[in-house]
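One structure below.
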Amino acid sequence: MKSNLNRPEINQPGNSELPRYEVRSPNDLDPAIANVAATIQHPGRSLKLPQWIKARGWLFLGLTSCLVFGGVGAWALVWLATPPPSADCQNISVLSPDMERLYCAQEAARSGDLPQLLAGLKFLEEWTPEHPLYKEAQKSIDEWSAAILRIAQQRIEQSDLKGAVDLAKQIPKSSPIYQDAQAIVTQWQTLWQRGEAISTKARNAMKQQRWDEASQYIASLREINHDYWRYQRPQLLSRQLLAEQQARRLFADAQSLASLGAPTDLGAAIAAASKIEPTTFTWAEARRTVKQWSETLLALGVQHWRQNQTEAAIAAIQPVTLNPDLAQAAYDLIGLSYARQFAVTSKSSLMPSFNQLGSLTTAVTLASMIPTESRYYPLAQASIQNWQTQLQDSTQLQLANVIAQTGQTLSYDLAIAQAQQITPDRPQRLQAQTLIAMWRTAQQQLEDRPYLLYAQQLAEPGTLVALKAAIAQANQIAAGRALRGTAQSLVRGWYQAIQTIEDQPILDRAWSLAGQGDLNGAIQVAANIAPRRSLYWQAQGAIGDWQAQLRAAQATQARQSTVTKSEPSSVPQQTDQNFPSSDPSPTSNTTVNEEGTASVTTPPTAEEFPQPGEPSHSNTEPPPPPASISAPAEQFVRPGNLHSQPVVIPEPPPAMPPAPSHAQPVVIPDSPSAP
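In the numbering used here, the protein residues as written are 364 to 1038.
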């Protein structure tokens, strides 16, 4: 579809020969495009430009040429005036241009560090005079060589001859100061040889304790024309000389102390020798002697340790810590001594406790800190094994003790069974057996105390029947039981009470006869109380008094008879045969025989004392009482009669346990018959 839009005509200047087309719609373009294509296919047809375009074209070409050449010149000027970009020295390599490598070497050497200076010299010494950058490199070599020589001079001032010489030899032969450096090195070596020779002589003199000679050598060093040998080295040797003299004095004092031989003196000697400077020649000599002293104290410490004398062991070992060669061994033995001290403390109490377990645990911990390279490591391991065994046994005994603390018969049985598991080869066997014996004693006391209390209750009335019943009850506690001794003590007292009850009537009868004046009859009756009876010595005392009265009466009668003979009388003299003629010692126990003489009776021994139930009659028949002698009744005082009470045997308490199976049947002994 065609539109009637008004379009301008395509009419260019100078194209008069080209056909003009009026394009009014898109479809009108087709003929124009076809005509242009035909023109291109036939190049023979040429397009002719107008004249004014040709004139302007030459002008434009000239201006363009001026602009191009001017821009190139300006760019070249800027490029020449601008410095080249800095090289990346972090990524420099052997393949980098020499200019960049030289630049990076110069930048690195600006820091003045010795490694950078040596690296720069090593890089540039390979360049020959033909190298385009050789002159620039020589400037850097000269600068860097001077810096290296200054560093070498610093080292020589620090007495580092080898370091200074090695550094000076790093200066390349191409350096302008190479010859000067070699001359300086030769001078250093010459001075050093001379100075070292003098220093060696001075040290040898110090070693041989020739102090004046050493001082002369030190003074001669000041003649060397070098600051180090003139000032620094003499100062060092002078300080060494003073140290050697002080060390010799200390070593002499230490030897004087050690000669006393006591452990405390050896410790003081080690302390004195420890003040010697380790850098001195004296220490090299004293070191061997101090080691001998230290070994002696260590051996003594081990001996005390084995004897459980831990405090003495620590006191003996402590000075060895000042010896640097054996300090570690001393600390190991001290730690082991503290461990043993805790182990010994755990045995201070018979009863197991938690403190005992804590002490053993601490001992094991301290012994475990001994290092494997220590000389006391085997001793520590053996102790650890023993203490761990003790810890196991103590734990078991602690459990048994807790069970036994309930105080019941069954709990004692369980505690004893627990403690019996500790075999004879265990270290706590003795403690276990002691606890077992203690628990068995407590168990027996718990079982037998009711019977003993019941026997005491039976004996309270004090009658023969009650006392015999109490004795029978107490005898049920068998031999070997915990309360056997207490029971037998009570039984002996009750036997004496029975004898008193049985013999008191005999003694009362004797006192009665004596009160009636029948002294011989009283003596005869009192003599029936046998030895080892409870009233025996009381009866013997009464017999002695009565015998004394008889002797006094005989003496009075003898005096009266003498007076009668001296006076004339028709009455024949008669002698009373009823009085004994002998006069025994008043302190002896005497009896009167049939002839009227008194016989001495010695006190019986304890073995002759009769047991209850034995007859109390004496084998000696007393003589009949005299008929002619009487004594007033008021002269005799006798103890009151023991009045017997009706026998009442109490019943055992309802909670009383039955008699143990080991008890014997109750047998009430018969009382001896009265005369």
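Positions of the beta carbon are idealized from the N, C-alpha and C atoms, including for glycine.
By the neighbour-count criterion, in which 16 or more other beta carbons inside 10 Å mark a residue as buried, Pro539 falls on the exposed side.
Ser746: member of the alpha helix (DSSP H) spanning 740-767, first to last residue. Residue environment for Arg596: buried (at least 16 other C-beta atoms within 10 angstroms of its C-beta). Bounds of the alpha helix (DSSP H) holding Gln542 are 541-570. Taking a cut-off of 8 Å on C-beta distances, the region 682-690 touches the region 648-668, as three or more cross pairs fall below it. Distances from the CA of Asp788 to each of Thr752, Ile633, Gly721 were compared; the closest alpha carbon is that of Thr752.
DSSP places Leu898 outside any alpha helix (DSSP H), giving it a letter other than H or E.
In the DSSP assignment, Lys831 falls within the unbroken alpha helix (DSSP H) covering 827-837. Across the structure, Gln755 and Gly664 are spaced so that their CA atoms are roughly 29 Å apart. For the pair Ala544 and Ala531, the Cα-to-Cα distance works out to about 6 Å. When secondary structure is reduced to three states using DSSP, Arg596 falls in the helix class. One Cα belongs to Ala702, the other to Gln783, and the distance between them is close to 29 Å. Annotation for Lys638: no alpha helix (DSSP H) segment contains it, and DSSP assigns it neither H nor E. Comparing alpha-carbon positions, the option among Ala678, Gln807, Met801, Asp616 lying closest to Ala649 turns out to be Asp616. Rounded to the nearest whole angstrom, the C-alpha separation of Leu613 and Lys564 is 24 Å.
Between Leu629 and Ala635 a beta carbon distance of about 11 Å is seen, past the 8 Å cut, so the two are scored as non-contacting. Taking the Cα of Arg872 as reference, the smallest distance to any Cα among Gly884, Trp555, Trp900 is reached at Gly884.
Of the candidates Ser537, Asn891, Thr797, the residue whose Cα lies closest to the Cα of Trp507 is Ser537. In terms of CA proximity to Ala662, Arg738 leads the group Arg738, Phe717, His589, Ala577. In the displayed model, Ile587 falls within coil according to three-state DSSP, outside both helix and strand. Tyr858 and Glu823 have their C-alpha atoms some 14 Å from each other. The C-alpha of Gln781 is placed about 26 Å away from the C-alpha of Ser746. Under the 10 Å beta carbon count, Asp881 is surrounded by 16 or more other beta carbons and is classified as buried.
Straight across, the Cα-Cα distance linking Ile785 with Gln796 is about 9 Å.
Of Gln704, Gln806, Met732, the smallest CA-CA separation from Ala845 is found for Gln806.
Around the CB of Ser637, 16 or more other CB atoms lie within 10 Å, so the residue is classed as buried.
In the three-state scheme derived from DSSP, where H, G and I count as helix and E and B as strand, Asp529 is classed as helix. In this structure, Leu760 and Gln808 do not form a Cβ contact; the two beta carbons are roughly 21 Å apart against a cut-off of 8 Å. Contact check for Val854 against Ala837 passes: the beta carbons are separated by less than 9 Å. Between the alpha carbons of Ile892 and Ala842 lies a distance of about 31 Å. Of the other Cβ atoms in all chains shown, 16 or more fall within 10 Å of the Cβ of Glu865; this residue is therefore buried. In this structure, Ser709 places its C-beta atom within 9 Å of the C-beta atom of Ala726.
Listed in chain order, the non-local C-beta contacts of Ala577 below 7 Å within the same chain comprise Ala565, Ala568, Met569, Leu604, local neighbours out to five positions each way being set aside. With a cutoff of 9 Å on beta-carbon distance, Ile886 and Ile869 are scored as not near each other.
Annotation: the continuous alpha helix (DSSP H) that includes Val854 extends over 847-878.
A straight-line Cα-Cα distance of about 36 Å links Thr804 and Thr673.
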